[in-house]
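Residue numbers for the sequence shown follow the working numbering, so the first one is 618 and each next one is one higher. Beta carbons: idealized from backbone N, C-alpha and C, even for Gly. Note that the coordinates shown come from a computational prediction; the quantities given were computed from them, not determined experimentally. Notes follow once the structure below has been shown.
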Amino acid sequence: MSAKIAYDALIHPDRVHGSLYIDPAIFKDEMENIFHKGWVFVGHVSEVPNVGDFARRQIGRQPVLILHTPRDGVKLFLNRCTHRGNLLCTRARGNANSFTCPYHGWSFGIGGELRGMPMPGGMGEDFDKEGLSLAEVPRVGIHRGFIFASLAREGMSFDDYLGDAKILLDRAADLSPEGEVDLSAGWLKHRFKANWKMLPENNTDGYHVVTTHASLLRATGVADSLAFNDEKGDPSLIRDWGGGHTELDFAPRYRMMGMPFLWFGGTSPKKLPNYVAAMREAYGEDVANDRMMDGPPHAIIFPNLFLAELNITYFYPVSTNEVVQYYTPMLLKGAPEINARAIRQTEGAMGPGSFLLPEDACMAERNQLGLEAQYPEWLDLRRGMGREHVDAASGLLSSVVSDETTNRAFWRHYLSVMSEAA
Ligand code: FES
Ligand SMILES: [Fe+2]
């Protein structure tokens, strides 16, 4: 029984137990406590701008549909026919007037209501269509267009869940002169054989970059710079935003270098005249210059959203040793000069023929294989414990770029969620 797992015996401040990545009973607890009871990222309003637009997603293991309904805007429904449970919609995304189940032909409107069925006479006279509308996901929260959902009727509020990390979503949207990102370019996916936790752990791990991504750093001419190496003087910071949300903040390095758009390949502002003008027009020169200097966030919103600078990724856990990760370019509304190149940049960084994401996926698979070895029982997470500190400017627990402060923050929150539910 899952209630018997003593998570506090498996998670210590400086180490975590290997079984956390391979035990099916722990995976089952995680689906329930983190993915089904908690809040997870599901999509963005720009994917369903018009009435009838839909996008197929999952919350943990459960299939759902994001639907732009005629009367109530964006809602989420479980993607399950209310007759005998068939998966109602199999298309990834589109626009519909109705959904008809292929099994016995029950048909549902785009507000989720049951419209009709073949040979309705057989259902009996007191048949109540209303009770057979699609099941609705009980709680949906939207911030700056990012849609999150919880399958639990009660629990932590959306505001409490996001906490201060809403600033990270703001930082992404505020790079657009219109204050909105656009995630409608379409999602590509990688399926790989690793435990899902390796994604949020790795995505704000600044320690692996110089080794795992050595070839990328060489190809882009960054290998000899101080980037990602605090011993050479990279002032970038890692941060614990609370609630399992973590960040790798490169802005201190960009500011030290004193050049805007280092987050965009160091492009000269002269090559982005319309974007620079639109940002200054929208926000004033000082604020716009700051944003163009600091760039987009590189952060995890617990458990499954990765704000990966000009990319967005999320994932579905499949089993203890399998995960599917989705990614799309983060386009900025009102910024065509940025967007045209952002799409190419996503292909270069995240696509199957790229460096960055395949290198991380490869490391995650090797990690999973290594963890099949039973000894040593523990993974060591003590790096930087002696030097992390609460940063005076942000009030957040922070440390230098190569420390494991973010990993410890992830596990601290994981322990609190898993122990609460045990
Ligand atoms: S299961 Fe959908 S109509 Fe029967
Ligand atoms: Fe990486």
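Whether residue i touches residue j by CB criterion (8 angstroms)
i	j	result
Leu948	Val827	no
Asp822	Thr1023	yes
Tyr892	Trp880	no
Leu974	Tyr943	no
Leu805	Phe972	no
Gly861	Phe809	no
Trp1028	Phe932	no
Val633	Ile764	no
Ala966	Asn928	yes
Ile855	Ser1015	yes
His721	Pro737	no
Leu1032	Ile643	no
Arg788	Pro913	yes
Trp656	Ala831	no
Of the residues the options, the one placed nearest residue i, counting alpha carbons only
i	options	result
Ala782	Leu1013, Met1002, Asn712	Leu1013
Ile622	His653, Ala713, Pro641, Pro886	Pro641
His760	Phe658, Phe652, Ile929, Pro794	Phe658
Pro702	Asp776, Ser750, Asn846, Glu795	Looking at the sequence itself, residue 702 is Gly, so the reference to Pro does not match. When each option's Cα is compared against that of Gly702, the closest is Ser750.
Glu969	His807, Ala713, Gly838, Leu785	Here residue 969 turns out to be Pro, not Glu, going by the sequence shown. Here the closest residue by C-alpha is His807.
Leu816	Lys950, Met909, Arg788, Leu924	Leu924
Val941	Lys950, Thr930, Gly951	Thr930
Gly772	Gly690, Val757, Met873, Thr707	Val757
Gly875	Asn984, Leu637, Met909, Pro913	Met909
Thr829	Arg983, Ser1011, Ser636	Arg983
Phe867	Asp911, Thr707, Val839	Asp911
Asn906	Leu786, Met873, Glu939, Leu792	Leu792
Assumed close pair residue i, residue j - CB separation to whole angstroms, cut-off 8 angstroms
i	j	result
Val1018	Asp857	Between Asp857 and Val1018 the Cβ distance is about 14 angstroms, and since that is not below 8 angstroms, they are no contact.
Ala899	Pro794	4 angstroms
Ala811	Gln985	4 angstroms
Met1035	Asn650	6 angstroms
Residue environment, residue i, which counts as buried when at least 16 other CB atoms sit within 10 Å
i	result
Glu864	buried
Gln675	buried
Met618	Only weak support exists for where Met618 lies, its pLDDT of 44 falling under 50; the coordinates are left without a value.
Asp903	exposed
Tyr778	buried
Val1007	exposed
Arg835	exposed
Tyr567	Residue coverage of the chain in this structure runs from 618 to 1039, which leaves residue 567 outside it and unanswerable.
Asp1005	This sequence places Glu at residue 1005; Asp is not what is there. Buried is the call here.
Gly883	exposed
Ala957	exposed
Thr937	buried
Ala959	buried
Phe744	exposed
Gly660	buried
Gly803	exposed
Trp995	exposed
Ser774	exposed
Ala1010	exposed
Pro946	buried
Gly635	buried
Cutoff 8 angstroms; reference residue i; Cβ partners in own chain excluding five residues on either side
i	result
Glu989	Ile639
Asn819	His825, Asp977, Met980, Ala981
Glu664	Asp670, Ala672, Ile683, Arg710, Leu800, Ser801
Pro666	His685, Ser801
Met648	Gly677, Arg678, Pro934
Gly1001	Ser1016, Val1017, Ser1019, Asp1020, Glu1021, Thr1022
Pro886	Pro877, Phe878, Val893, Met909
Ala790	Arg761, Gly762, Gly796, Glu797, Val798
Val668	His685, Thr686, Pro687, Ile727
His700	Cys718, Tyr720, His721, Trp723, Met734, Leu749
Residue i: CB within 7 angstroms of a non-hydrogen atom of ligand 4
i	result
Asp977	Among the ligands in the structure shown, ligand 4 does not appear; only ligand 1 and ligand 2 can be found there.
Residues near residue i in its chain [Cβ-Cβ closer than 6 angstroms; skip 5 each side]
i	result
His915	Leu865, Glu926
Lys746	Leu731
Leu705	Asn696, Cys698, Phe716, Cys718
Ser1042	Outside the shown range of the chain (618 to 1039) lies residue 1042, about which nothing can therefore be said.
Lys692	Leu684, Thr686
Ala769	Lys654
Gly726	Ser715, Arg732
Ile955	Tyr892, Leu949
Residues near residue i in its chain [Cβ-Cβ closer than 7 angstroms; skip 5 each side]
i	result
Arg1025	Pro630, Leu998
Phe694	Val681, Leu682, Leu684, Gly729, Leu751, Ala752, Glu753, Val754
Leu843	Lys849, Gly850, Asp851
Asp847	Val1017, Val1018, Ser1019
His1030	Gly860, Gly861, Phe919
Glu964	Ser971
Ala713	Gly669, Phe671, Ile727
Val839	none
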